[in-house]
Each structure stands twice: as C-alpha cells, then as structure tokens.
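Trainee: 412 is the number that this note's numbering gives the last residue of the sequence shown; the numbers go up by one with no jumps.
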Amino acid sequence: MNWKYASQRKEYGRALIELGKMRKDVVVLDADLSSSTRTADFAREFPEHFFNCGIAEQNMMGTAAGFAASGKVVFASSFAVFATGRCWDQIRQSIAYPKLNVKICATHAGITVGGDGASHQTGEDIALMRTLPNMTVVVPVDAQETYKTTKTFADWQGPCYMRMSRLDFPVITDSETPFKIGKGTLLREGDDITLVGCGVMVSRCLEAAEALEKRKISAQVINMSSIKPLDDGLIEAASRRTGGFVTAEEHNVVSGLGCAVASCLAEHKPAPLRRVGLMDTFGESGEGEELMRKYGLTADRIMEAADEVMKRR
Numbered sequence: 100m101n102w103k104y105a106s107q108r109k110e111y112g113r114a115l116i117e118l119g120k121m122r123k124d125v126v127v128l129d130a131d132l133s134s135s136t137r138t139a140d141f142a143r144e145f146p147e148h149f150f151n152c153g154i155a156e157q158n159m160m161g162t163a164a165g166f167a168a169s170g171k172v173v174f175a176s177s178f179a180v181f182a183t184g185r186c187w188d189q190i191r192q193s194i195a196y197p198k199l200n201v202k203i204c205a206t207h208a209g210i211t212v213g214g215d216g217a218s219h220q221t222g223e224d225i226a227l228m229r230t231l232p233n234m235t236v237v238v239p240v241d242a243q244e245t246y247k248t249t250k251t252f253a254d255w256q257g258p259c260y261m262r263m264s265r266l267d268f269p270v271i272t273d274s275e276t277p278f279k280i281g282k283g284t285l286l287r288e289g290d291d292i293t294l295v296g297c298g299v300m301v302s303r304c305l306e307a308a309e310a311l312e313k314r315k316i317s318a319q320v321i322n323m324s325s326i327k328p329l330d331d332g333l334i335e336a337a338s339r340r341t342g343g344f345v346t347a348e349e350h351n352v353v354s355g356l357g358c359a360v361a362s363c364l365a366e367h368k369p370a371p372l373r374r375v376g377l378m379d380t381f382g383e384s385g386e387g388e389e390l391m392r393k394y395g396l397t398a399d400r401i402m403e404a405a406d407e408v409m410k411r412r
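1) Using DSSP with H/G/I as helix, E/B as strand and the rest coil, what is Q157?
2) How about D331 and H367: are their beta carbons less than 8 Å apart?
3) Spatial neighbours of R191 within its chain, please: C-beta separation below 7 Å, excluding the five flanking residues on both sides.
4) Using the Cα positions of R137 and G112, report the straight-line distance between them to the nearest angstrom.
5) To the nearest angstrom, report how far apart G170 and V125 are at their CA atoms.
6) Would DSSP call H207 helix, strand or coil?
7) Could you name each continuous alpha helix (DSSP H) segment of 4 residues or more that falls completely within the region 225 to 303, going from the start of the chain to the end?
8) Who pairs with N200 in a beta bridge, going by DSSP?
9) Going by C-alpha to C-alpha distance, which of I292, V238 and K282 sits closest to I316?
10) Buried or exposed for P239, going by 16 or more other Cβ atoms inside 10 Å?
11) When the Cα atoms are used, what is the spatial distance from Y394 to L377?
12) Leaving out the 5 sequence neighbours to the left and right, which residues in its chain are closer than 7 Å to S133 when beta-carbon positions are compared?
13) May I have the straight-line CA-CA distance separating G283 from G214, to the nearest angstrom?
14) Starting from the C-beta of V408, find all residues in its chain whose C-beta is less than 8 Å away, skip the five residues before and the five after it, and write them out in chain order.
15) Go to H367, then tell me how far its alpha helix (DSSP H) extends in each direction, as first and last residue.
16) Please check the pair V127 and H148, which I expect to be a contact at CB under 8 Å, by giving their CB distance rounded to whole angstroms.
17) When you compare only the Cα positions, how much space is there between L294 and V237?
18) Using CA atoms only, rank isn't needed, just tell me which of T272, E383, S325 and V320 is closest to G289.
19) So, is S302 buried or exposed, given that buried needs 16 or more other C-beta atoms within 10 angstroms?
20) Cutting at 8 Å between CB atoms, please list the residues of its own chain near A167, excluding the five before and the five after it.
21) Should M100 be labelled buried (16 or more other beta-carbon atoms within 10 Å of its own) or exposed?
22) Taking the continuous alpha helix (DSSP H) assigned at L333, which residues delimit it?
23) Going by CA-CA distance only, name the one from L285, C204 and I154 that's closest to R340.
24) So is S218 buried or exposed if we call it buried at 16+ other beta carbons inside 10 Å?
25) Quick check on DSSP: helix, strand or coil for A175?
26) Near M402, what residues of its chain come up, given a Cβ to Cβ distance below 8 Å and the 5 sequence neighbours on each side ignored?
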C-alpha cells in the first residue's frame with residue numbers, strides 16, 4: 100500500500116502549542132529530552148510554562164504531581180522506557196492513586212527505537228500503565244490521532260498515558276476521522292476474521308486484510324488506540340460477526356492489547372484469538388523496520404495468524 104508517513108512527535112508538539120495559546124493552566128515538563136520529544140516547540144513559545152527537570156524522571160513525576168495538585172494540567176514527557184519504568188512507583192503513589200491531571204506522553208516506544216538497543220526499547224510500557232487504577236492508556240495509530248489525543252487529554256479528568264514512536268508512521272486517519280477515549284474505530288468491514296491493532300501495527304493489519312481479500316477471505320480491521328478503557332462493545336460485536344481474532348501490537352504480548360482483547364472475549368463472547376507482537380522477549384540493536392521483520396511484526400505474520408484462527412473456529 101502506498102502510505103504517506105508523518106511524525107507523531109511533531110503533531111504532539113503542535114498540539115501542545117495550540118493548548119498553550121488556548122489555556123493558561125497547561126504546564127509541560129521534560130527530562131532533558133525536549134528536542135527528541137518535541138516539547139522544545141512548546142518551550143520556545145511558552146518558556147514560563149515549561150520546565151526541564153533534567154535526567155531525573157522520578158523527580159519529574161513528583162513535580163508533575165505537585166503542579167497538578169495545584170490545579171494545573173500537566174504534560175510530562177520522556178522516552179517510554181524511562182517515563183514508565185524508571186519512575187513507576189512515583190506514578191503509582193503520586194499520580195494514579197490521587198487521580199491527578201498528569202498526562203504522561205512518551206516517545207521512542209517499542210523496538211522501532213532501533214539502534215539504541217534493548218536498554219532503550221520498551222515492550223512493557225502498555226502493561227505497566229494499564230495495570231494502574233485510574234490510568235487511561237492510548238496508543239495513537241498515526242500523527243493525526245496523536246494530535247487529537249493530546250487535545251483530548253487536556254480535557255480528560257485524571258492521569259493518562261500516551262505512547263508514541265521514534266519513526267514516522269503511515270497516515271491512516273485524517274482530520275475528520277473520529278477519535279474518542281474508550282472507543283475503537285472500524286476501518287474496514289469484513290465477515291471472516293477480525294484484525295485488531297494499535298499504533299503502527301494497524302497499518303500492517305490493513306495490508307494483511309488487503310492480501311487476504313485476494314484469497315477470498317474477508318477481514319475486518321479495528322484500530323483499538325484506546326487500550327484502557329477498551330471498547331468492549333465493539334469487540335463483542337466483532338466476535339458475533341466473525342468469530343475469530345488476531346491482535347497486533349509493537350509490544351510484549353504479555354499484558355498488552357492482545358491480553359486486553361482476550362479478557363474482553365472471555366467475559367463477553369469467547370472466540371479463538373492469536374496474538375502478534377513481541378513474544379515475551381527483549382529487542383536488540385538494529386534498524387527499526389529490520390527489527391519489525393525479525394520479530395514477526397509484519398502483515399505476513401498477521402495473515403499466518405488469521406489462517407491459524409480460522410482453522411480453530
């Protein structure tokens with residue numbers, strides 16, 4: 100498919116600037132990575148509302164909690180591996196437990212970080228944030244949805260987590276495509292199998308669906324950017340329609356999107372499912388797309404999983 104590509108990080112920065120122009124209660128924090136996370140764009144426009152906390156992510160989350168407790172809407176950014184793992188206790192105790200308005204917006208998630216290697220790649224961040232009570236978790240499908248998520252977070256009460264990539268993503272949506280926390284988006288109709296993806300893997304699901312159509316297999320594709328809360332109604336409806344699922348995520352299959360969908364199916368409308376993602380493994384150094392192929396995060400693997408599921412129905 101002939102995708103156009105765009106940067107999630109740039110759209111995050113653009114949305115922050117627009118929020119800064121509209122609201123005086125928005126504060127942005129970063130952990131000495133503002134050029135990479137694009138919070139530097141906001142800092143240039145609103146220096147009195149931006150705070151570089153240095154390489155001290157735990158302290159940044161405590162500072163964010165303090166601002167939020169004082170009535171501010173706080174956007175705190177770093178690389179995903181640091182924003183979730185290094186300061187998980189501070190997020191739990193100081194942000195999630197008191198339900199404060201801190202929006203943790205992390206970049207450089209997943210194995211597409213590439214050459215920085217396993218120490219900087221994270222396949223655990225969705226799981227870490229999803230398990231926290233009161234935490235909302237969103238994985239935007241593309242740059243457009245990143246912009247919408249950022250704007251939506253500003254009005255959403257309580258702590259939030261948004262996961263972004265280092266690499267540019269295929270553009271799946273446009274300015275008119277609806278986005279709502281707690282709702283998935285049906286991107287393609289189908290009757291034989293349901294492909295549910297988040298982030299960059301939605302584009303792989305669409306590629307797989309197009310290839311499956313050539314084999315007379317009708318696949319519907321869901322963009323499930325809202326991991327928590329999950330759109331249980333859409334999953335249940337898809338189960339009744341197709342009776343089989345493949346989930347796809349650039350994340351560990353343990354406790355990510357696949358597990359969220361599996362739990363929903365088990366409680367509402369059981370159906371066979373296969374999870375495509377990191378199979379409980381760390382990544383390694385390499386080019387982003389090269390790593391995606393090595394770890395099976397491809398349209399071909401989604402097609403293979405769809406065949407396996409259809410045999411089990």
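All C-beta atoms, glycine included, are put in the ideal place defined by N, C-alpha and C.
Mentor: From the atom records:
1) Here DSSP, grouped into helix, strand and coil, assigns Q157 to helix.
2) Taking C-beta atoms as the reference points, D331 and H367 count as a pair closer than 8 Å.
3) For R191, same chain residues with a beta-carbon under 7 Å away, outside a window of 5 residues either side, are L231 in chain order.
4) Computed Cα separation, rounded: 5 Å.
5) Roughly 10 Å separates the two Cα atoms.
6) Of the three classes helix, strand and coil, the one that applies to H207 here is coil, per DSSP.
7) The region 225 to 303 contains these whole alpha helix (DSSP H) runs: 242 to 254.
8) Checking the DSSP bridge columns, you'll see N200 has no partner listed.
9) The closest CA to that of I316, considering only I292, V238 and K282, is found on I292.
10) Sixteen is the threshold: when 16 or more other Cβ atoms of the shown chains lie within 10 Å of the Cβ of P239, as they do, the residue is buried.
11) Going from the Cα of Y394 to the Cα of L377 covers about 6 Å.
12) Taking S133 as the centre and dropping the five residues before and after it, the same chain places the C-beta of A139, A142 and N151 closer than 7 Å to its C-beta, in chain order.
13) For G283 and G214, the distance between alpha carbons rounds to 32 Å.
14) If we look at V408 and ignore the five residues flanking it on each side, its Cβ neighbours are I292, G343, F344, V345, P371, L372 and R373.
15) Counting along the chain, the alpha helix (DSSP H) containing H367 begins and ends at L356 to H367.
16) Sure, about 6 Å apart at Cβ, within 8 Å.
17) Straight through space, the alpha carbons of V237 and L294 are spaced by roughly 18 Å.
18) Sorting T272, E383, S325 and V320 by C-alpha distance to the C-alpha of G289 places V320 at the top.
19) Buried: at least 16 other Cβ atoms inside 10 Å.
20) These residues qualify, in order along the chain: V173, I194, L199, N200 and V201.
21) Around the Cβ of M100, a 10 Å sphere holds fewer than 16 other Cβ atoms; the residue is exposed.
22) From DSSP, the alpha helix (DSSP H) with L333 extends over D331 to T341.
23) Among L285, C204 and I154, the Cα nearest to that of R340 is on L285.
24) An exposed status is given to S218, since fewer than 16 other beta-carbon atoms sit within 10 Å of its beta-carbon.
25) Here A175 sits in strand by DSSP.
26) Here the set comprises A307, A310 and L311.
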